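All remarks here apply to the structure that follows.
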Amino acid sequence: MRNFNIQDCILYEDREILVCHKPAGIAVQNARLGAADMESSLKNYLALKNPGKIPYLGIIHRLDQPVEGVLVFAKTQKAASELNRQITAKTVTKEYLAVTAQMPDEKQGHLEDYLKKDNRTNSSSVVASKTPGAKKAVLDYWVQEEIKDEQIETGKRILVKIALDTGRHHQIRVQMAHKGMPLLGDRKYNAKDISGLPLGLCSCHLAFRHPVTGKKMEFKAAPKGEVFTGFQTL
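Note that the sequence shown covers residues 0 to 233 in numbering that gives the first Met the number 0.
Structure, rendered in structure tokens:
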């Protein structure tokens, strides 16, 4: 993204944390040579604010490169430790909005699967629970809205809210595809998709306790991707 400006992404900042709306297409860290990523961009931003001081930036959780939405970063090791404790304790609320072209049989559901990551292909798949290396993946989903779209093969786009209980590699994309409602624009797990749209997935709601004050912090982000246009409930 040529016009990427990290300051435009910052939703909140204090002495301990930074909360950002990561754009789709930007990696959280370790982007390819010459491409911007959130980690390096935020470190540069912090370094410019405090010349001569090497900034600390703790990555607490990640979003896949094509996914947009809310992320929290720690500015101190103490804050990172406390936020990581909350993640492990599952007291952090993480909700997503996703777009699919397939209406599920149930308008709401609870999905539990076992996923195994293949590092060679950077993909994950649903496997039997006793498969070596398999990790349990849990989420809940609710269908929010359906709109007509003649450019989509099924003639419709469906907005789904997802509450994430675990944070596995490509979890939402894999579990939704396995359930029969792959995400629109997903080049990896929806090979039949010919829409040409960007990935329909956004981290829309993040809530946690401030790592120092203990105050409840809550952030919401409206998705900006083309695939989300037209939905009235956003």
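From the three backbone atoms N, C-alpha and C, an ideal C-beta is built for every residue, glycine too.
This one's a predicted model, so the numbers in the text were calculated from it and none came from an experiment.
If distances are taken between C-alpha atoms only, which option among the options comes closest to residue i?
i: V71; options: L198, A162, I16; result: I16
i: L114; options: Q174, A97, V98; result: Q174
i: V126; options: W141, Q150, K135; result: K135
i: S40; options: A26, T92, D139; result: A26
i: Y140; options: Y95, K116, P131, G68; result: Y95
Between which two residues does the beta strand (DSSP E) containing residue i stretch?
i: I25; result: It is not in any beta strand (DSSP E) - I25 carries neither H nor E in the DSSP assignment.
i: T99; result: 92–99
i: V142; result: 134–147
Start and end of the alpha helix (DSSP H) containing residue i?
i: L110; result: Segment 107–117 is the beta strand (DSSP E) holding L110; no alpha helix (DSSP H) there.
i: R84; result: 76–88
Thinking residue i and residue j are a contact (beta carbons under 8 Å), I'd like their distance in whole angstroms, please.
i: K155; j: E145; result: 6 Å
i: L163; j: K106; result: 19 Å between Cβ atoms; not a contact.
i: C150; j: S194; result: Note that residue 150 corresponds to Gln in the displayed sequence, not to Cys. Contact flag correct, Cβ pair sits at about 7 Å.
Rounded to whole angstroms, what is the Cα-Cα separation between residue i and residue j?
i: T99; j: H177; result: 13 Å
i: D192; j: K214; result: 43 Å
i: T130; j: K116; result: 11 Å
i: G244; j: G68; result: Limits of the chain in this structure are 0 at one end and 233 at the other, which puts residue 244 out of reach.
i: H20; j: N4; result: 11 Å
i: K147; j: Q85; result: 40 Å
i: L138; j: L110; result: 5 Å
i: F207; j: E81; result: 10 Å
i: Y11; j: R172; result: 28 Å
i: L47; j: V18; result: 18 Å
i: P197; j: E152; result: 16 Å
Does any C-beta atom of chain B lie closer than 8 Å to the C-beta of residue i?
i: V173; result: Considering every chain present, this structure includes no chain B. It has just one protein chain.
Does the beta carbon of residue i fall short of 7 Å from some heavy atom of the ligand ATP?
i: R84; result: In the structure on display, the ligand ATP does not appear, and there are no ligands present to speak of.
Under 8 Å, with one C-beta from each stretch per pair, do the region 221–233 and the region 200–207 reach the 3-pair mark? These segments touch.
The region 164–171 in contact with the region 32–50 per 3-pair CB rule at 8 Å: With a cut-off of 8 Å, the region 32–50 and the region 164–171 do not count as touching, because too few Cβ pairs lie within range.
Taking three-plus beta-carbon pairs below 8 Å as touching, is the region 52–59 in contact with the region 181–195? Contact between the region 52–59 and the region 181–195 is absent: fewer than 3 CB-CB pairs across the two stretches fall below 8 Å.
Three or more C-beta pairs closer than 8 Å, one from the region 74–86 and one from the region 47–57: is that the case here? These segments touch.
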